[in-house]
Each structure stands twice: as C-alpha cells, then as structure tokens.
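First up is the structure itself, then whatever we jot down about it.
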Amino acid sequence: MTGVEEHKKTLKELEADILEKMRLHLVPERQKIIGFAASEAATNCFAILLHNKNLISAGYNVNHKRFASVERAKSTFSFDFPRKKELMELLVKEETLRDRLCYGRSKSPSEAEEAIKIFFEIKKIVSDETGEDL
C-alpha cells in the first residue's frame, strides 16, 4: 500500500535527483531522466494533497497517465479540492513534457527546464495547501 509517508519518501528521492542534475549542469544531457523524475515527483505531490484532504485512501494509485488531458484528469478526479483547475492544468503540462522528453530524440534543454519549473510550482501549491514543508 502506498500511504502518504511513502509518497513523501519518493518525492524526496526524485527531487534530490532533479537537484543533482541541476547542480552538475546535466539537465540537457539527462532530459529523459528529468522528464520522468519531474512527472513522478509532481504526481506524488498531488497524491500527498489528496491524502491530506482525505480524498483518497492508502493504496490508491495516482497514475501519471491520468493526466494525458485536462478532460481525463477532471473525470478521474471529479471531486473538489483546493486549486483544482490550476493543478489539473499543471499536471497535464507536466505529463505532456514527460512524453516529449522521455521518448524520441533529445529536445531543447528549455523543455527539461520547463518540466522542472512546473514540478516546483506544483510542490509549492501542495505545500501551501497542506501546510507541510515538502
């Protein structure tokens, strides 16, 4: 079962990996890893918010594929939660970047940087809404 503590642990690991790539100036060369890590970290942030608001139970799988489109995300997460519209749009953008970065030829480094930026936006929203220092 995946509870909130497991999501937090995974988030810390993925964020550390992203920060390491940034510190070592490896974002352009490691964009596939960045795409994966940013998407998974964002999804774990979202799961933490849903757990915090008692909207999902331990073991519920917040799969990144549910953010393939705003419509799919809204139908999967039909219940209300803080800043829903903003979070759905950011998570869909993150999923789009994941697909672009993880598959096919290398992309512009700016796309990997955008994925990182969106992850940190999502993390800040979740921290603000939960009152937790993620």
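Position 100, counted from 1, in the sequence shown is what the numbering used here calls 1359; the numbers after and before it change by one each time, with no gaps. Just so you know, even glycine gets a beta-carbon here, dropped at the ideal spot from N, CA and C. Quick caveat: nothing in here was measured; it's all calculated off a predicted structure.
Contact under 8 Å by Cβ, residue i with residue j
i	j	result
L1360	A1374	yes
F1305	L1356	no
Sequence-distant residues of the same chain with beta carbon closer than 6 Å to residue i, five excluded per side
i	result
E1299	L1273
P1341	E1388
Of the listed residues the options, nearest to residue i (C-alpha basis)
i	options	result
E1353	Y1362, R1364, K1376	K1376
A1296	D1358, R1364, S1365, I1384	D1358
Bounding residues of the alpha helix (DSSP H) (the contiguous stretch that carries residue i)
i	result
P1223	Lying before the first or after the last residue shown, residue 1223 is absent from the chain, which here runs from 1260 to 1393.
Residue i Cβ short of 7 Å to the ligand GDP heavy atom set
i	result
A1332	Only the bare structure without any ligand can be found here, which leaves the ligand GDP out of the picture.
Backbone secondary structure at residue i - three-state DSSP
i	result
R1364	coil
A1317	coil
F1336	coil
G1294	helix
K1312	coil
A1306	helix
Own chain residues within Cβ distance below 8 Å of residue i, not counting five before or after
i	result
R1331	R1325
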